[in-house]
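Start counting the sequence shown at 260; every next residue gets the next number (the working numbering). Each remark here refers to the structure printed beneath this line.
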Amino acid sequence: MGEFASAVQAHLRDRLAESCSGLSWRTEHRIAGTPVDIAGGDDDHLVLIELEWRRADPADNTAKLFRHLSADRIDRNRIAVAQVFTAYYDLNDGSVSSKRKNAEFVGRTAAESIDRLSYQPVDFDLTPPKRGDDWPADWERTADRTAERIEECLGDR
260 MGEFASAVQA HLRDRLAESC SGLSWRTEHR IAGTPVDIAG GDDDHLVLIE
310 LEWRRADPAD NTAKLFRHLS ADRIDRNRIA VAQVFTAYYD LNDGSVSSKR
360 KNAEFVGRTA AESIDRLSYQ PVDFDLTPPK RGDDWPADWE RTADRTAERI
410 EECLGDR
């Protein structure tokens, strides 16, 4: 992960730690060897957040997570997965790419199949810069809005 992606990841973690202080938040949490960008949890609940920047196959990491969940490798009663998609996956006509549609399909199907799992796709209204390009000037404000969307998805957990 590049420097900008790491900065956004840490910013989101810190923002969620403030607003959802009942959970312990960390970055690069591993589940059966699969890294998760951001995770928050307590004894009963686990929140997993995957940040999709420019991944060729955004369904892959979450499919691995769902495979581990279906094998009961996560010891929590409730698990919420938020898959955060940057504007990289947006198309000019206002729709989203088939890569994002496929990832959302995998997430919805997993949530329908696993009782203790919820899944939400979340928009991150930022086009990630390519390595070496300047960071968007308003990235922190945009990340804050994304954190608010994640919080809305979590609801009462």
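All C-beta atoms in this analysis are idealised placements derived from N, C-alpha and C, irrespective of residue type, glycine included.
Nearest-angstrom Cα separation, counted from residue 330 out to residue 396: Roughly 43 Å separates the two Cα atoms.
Whether residue 344 touches residue 316 by CB criterion (8 Å): Their beta carbons are not under 8 Å apart, which means residue 344 does not touch residue 316 by this criterion.
Bounding residues of the alpha helix (DSSP H) (the contiguous stretch that carries residue 386): Counting along the chain, residue 386 falls outside any alpha helix (DSSP H), and DSSP gives it neither H nor E.
Backbone secondary structure at residue 296 - three-state DSSP: strand
Reduced DSSP category for residue 375 - H, G, I as helix; E, B as strand; rest coil: coil
Length-filtered (3 minimum) beta strand (DSSP E) runs lying within the region 265-324: 283-290, 293-300, 304-311
Heavy atom of the ligand NAP within 7 Å of residue 288 beta-carbon: Absence of the ligand NAP from the depicted structure is noted, as is the absence of any ligand whatsoever, leaving it without description.
Given residue 288 as reference, the closest of 372, 281, 408, 268 once Cα atoms are compared: 268
Cβ distance (whole Å) where residue 321 is taken to contact residue 306 below 8 Å: Cβ atoms of residue 321 and residue 306 stay farther apart than 8 Å, at about 14 Å.
Which residues DSSP lists as bridging residue 208, in chain order: With the chain covering only 260 through 416, there is no way to say anything about residue 208.
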